[in-house]
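Novice: The opening position of the sequence shown corresponds to residue 132 in this note's numbering, with each subsequent residue numbered one higher.
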Amino acid sequence: MAKPYELFYWLGIPGRGEFIRLALEDAGAPYVDVTRERPDGFAEMQKLMEESERPSFACPILRHGRTVLGQTPVILHWLGPRIGLAPEAEAMRLWLHQIQLTIADFAVEAHDTHHPISVAMYYEDQIEESKRRAKWFRESRLPQILGWFETVLERNPANAKRKSPVLAGRSVTYADISLYFLIDGLDFAFPRAMKQASRKVPLTRALVEAVAARPNIAAYLESDRRQEFGDGLFRRYPELDG
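#1: I'd like to know if the segment 357-365 and the segment 140-154 are in contact, where contact means that at least 3 CB-CB pairs between them fall below 8 angstroms.
#2: Please work out which residues of its chain come closer than 7 angstroms, Cβ to Cβ, to ALA133, disregarding the five sequence neighbours upstream and downstream, and give them in chain order.
#3: Touch check for the segment 201-211 and the segment 273-288: three-plus C-beta pairs under 8 angstroms?
#4: DSSP three-state label for GLY172, please.
#5: Does ASP256 pass the burial test, meaning 16 or more other C-beta atoms within 10 Å, or should it be called exposed?
#6: Suppose you measure from the CA of GLU156 to the CA of TYR351; what does that come to, to the nearest Å?
#7: Quick check: what's the CA-CA separation for GLU285 versus SER295?
#8: For the segment 231-316, list the beta strand (DSSP E) runs that are entirely contained and at least 3 residues long, ordered along the chain.
#9: When DSSP labels each residue in this structure, what does ASP355 get in the three-state scheme?
#10: What residue does the alpha helix (DSSP H) around GLU149 start on, and which one ends it?
#11: DSSP three-state label for PHE319, please.
#12: Quick check: the segment 170-189 against the segment 339-346, are there 3 or more CB pairs under 8 angstroms?
#13: Taking contact to mean 3 or more Cβ pairs, one atom from each stretch, closer than 8 angstroms, check whether the segment 210-219 and the segment 304-313 are in contact.
#14: By the 10 Å Cβ neighbour count, where 16 or more other Cβ atoms means buried, how is SER309 classified, buried or exposed?
#15: Taking only three categories from DSSP, how would you classify GLU219?
#16: Sort out for me which residues DSSP pairs LEU378 with in a bridge.
#17: Out of ALA158, GLU270, PRO145 and LEU273, which has the shortest C-alpha to C-alpha gap to TYR136?
#18: Give the single residue among LEU338, GLU259, ARG356 and ALA222 whose Cα lies nearest to the Cα of VAL163.
#19: Does LEU207 come out as helix, strand or coil in the three-state DSSP assignment?
#20: Compare the Cα-Cα distances from LEU298 to each of ALA328, ILE258, VAL339 and LYS326 and report the closest residue.
#21: Kindly list the residues whose CB is nearer than 8 angstroms to the CB of ARG224, restricted to its own chain and excluding five residues on each side of it in sequence; keep chain order.
#22: I'd like to confirm the pairing. Which residues does DSSP put opposite THR198 in its beta bridges?
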């Protein structure tokens with residue numbers, strides 16, 4: 132039996148750990164959600180961050196044997212080929228990594244709409260700044276970045292022969308699954324803005340629907356393993372949605 136991957140992430144929120152969790156679920160790869168499944172999981176994660184020879188600054192962290200990795204794009208760049216969610220050609224893997232880094236950047240921008248000054252402050256202490264940041268995000272960055280993903284899908288020649296589009300290569304990759312989660316989070320946080328923006332990105336919407344319908348993803352979304360959005364990366368504050 133294959134040795135399970137060990138995923139370390141904060142309790143109670145899907146957060147950045149969900150990008151990795153969804154890839155593992157889609158691939159049917161064995162994994163342990165350490166802080167949720169082990170009584171001492173949180174202490175184990177803290178020890179890993181504080182005492183490791185090559186400590187990760189923050190979670191998520193993935194461990195498999197002697198390999199210990201932090202940073203979501205790095206984890207997925209390493210993990211993708213091992214679970215069948217990355218192309219074989221190195222050039223395509225690097226392109227996929229570039230896409231994943233863009234997804235990570237945009238997720239940070241979404242987070243910073245509700246914490247534009249400091250993550251050490253409560254949202255309630257930076258509401259006015261959050262409103263200004265969110266207005267700029269909705270009006271400028273949201274259509275700009277969604278438009279970029281749409282362009283990537285339009286320019287992938289493999290999509291001419293596929294029923295549903297993919298970002299890179301001919302098959303679904305971890306980046307497609309990550310884009311699904313990014314859009315799902317944005318739909319939660321900015322339902323009004325996303326409804327309007329989605330009219331101009333039909334391929335992106337088609338990708339999201341196709342990923343959600345994949346058997347292992349669909350089963351996961353209906354299971355108790357899936358955590359609901361809350362006070363994490365994506366948050367719903369109606370006043371930030373215009």
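In this text, a Cβ means the ideal position worked out from N, Cα and C, and glycines have one as well. These figures come from a predicted structure and were not determined experimentally.
Specialist: On the basis of the supplied data:
#1: Contact between the segment 357-365 and the segment 140-154 is present, because at least three Cβ pairs lie under 8 angstroms.
#2: Looking up residue 133 in the sequence shown gives position 2. The residues are PRO161.
#3: Under the Cβ criterion (8 angstroms, minimum of three pairs), the segment 201-211 does not count as touching the segment 273-288.
#4: What you label residue 172 is simply residue 41 of the sequence shown in a count that begins at 1. Reduced to three states, the DSSP call for GLY172 is helix.
#5: Along the sequence shown, read from residue 1 onward, the residue named residue 256 stands at position 125. ASP256 comes out exposed.
#6: For the purposes of this step, residue 156 is identified with residue 25 of the sequence shown, where counting begins at 1. For the purposes of this step, residue 351 is identified with residue 220 of the sequence shown, where counting begins at 1. Rounded to the nearest angstrom, the two C-alpha atoms are 7 angstroms apart.
#7: Position 154 of the sequence shown, counted from the start, is the residue given in the question as residue 285. Position 164 of the sequence shown, counted from the start, is the residue given in the question as residue 295. Rounded to whole angstroms, GLU285 and SER295 show a C-alpha spacing of 12 angstroms.
#8: Listed in chain order, there is nothing to give.
#9: Residue numbering aside, residue 355 sits at position 224 when the sequence shown is read from its first letter. Coil at ASP355, not helix or strand.
#10: Counted from its first residue, the sequence shown places residue 149 at position 18. It spans 148-158 - the alpha helix (DSSP H) in which GLU149 sits, taken as one unbroken run.
#11: Looking up residue 319 in the sequence shown gives position 188. Correct three-state label for PHE319: helix.
#12: The answer is no - the segment 339-346 does not touch the segment 170-189, with fewer than three Cβ pairs under 8 angstroms.
#13: Yes, they touch.
#14: On the sequence shown, residue 309 is found 178 positions in, with the first residue counted as 1. Classification of SER309: buried, given that the 10 Å Cβ count is 16 or more.
#15: Indexing the sequence shown from 1 puts residue 219 at position 88. GLU219 falls in the coil class under three-state DSSP.
#16: No statement about residue 378 is possible, as the shown extent of the chain runs from 132 to 373 and does not include it.
#17: Start at 1 with the first residue of the sequence shown, and residue 136 comes out as number 5. Closest in alpha carbon position to TYR136, among ALA158, GLU270, PRO145 and LEU273, is ALA158.
#18: Translated into positions along the sequence shown, residue 163 becomes position 32. Checked all of LEU338, GLU259, ARG356 and ALA222; the closest Cα to VAL163 is ARG356.
#19: Here residue 207 refers to the residue found at position 76 of the sequence shown. Secondary structure of LEU207 (DSSP, three-state): helix.
#20: Within the sequence shown, the letter at position 167 stands for residue 298. Measuring C-alpha to C-alpha distances from LEU298 to each of ALA328, ILE258, VAL339 and LYS326 identifies VAL339 as the nearest.
#21: Along the sequence shown, read from residue 1 onward, the residue named residue 224 stands at position 93. Excluding positions up to five away in sequence, the list reads HIS208, GLY211, PRO212, ALA217 and PRO218.
#22: As a working mapping, residue 198 is identified with position 67 in the sequence shown. Bridge partners of THR198: HIS195.
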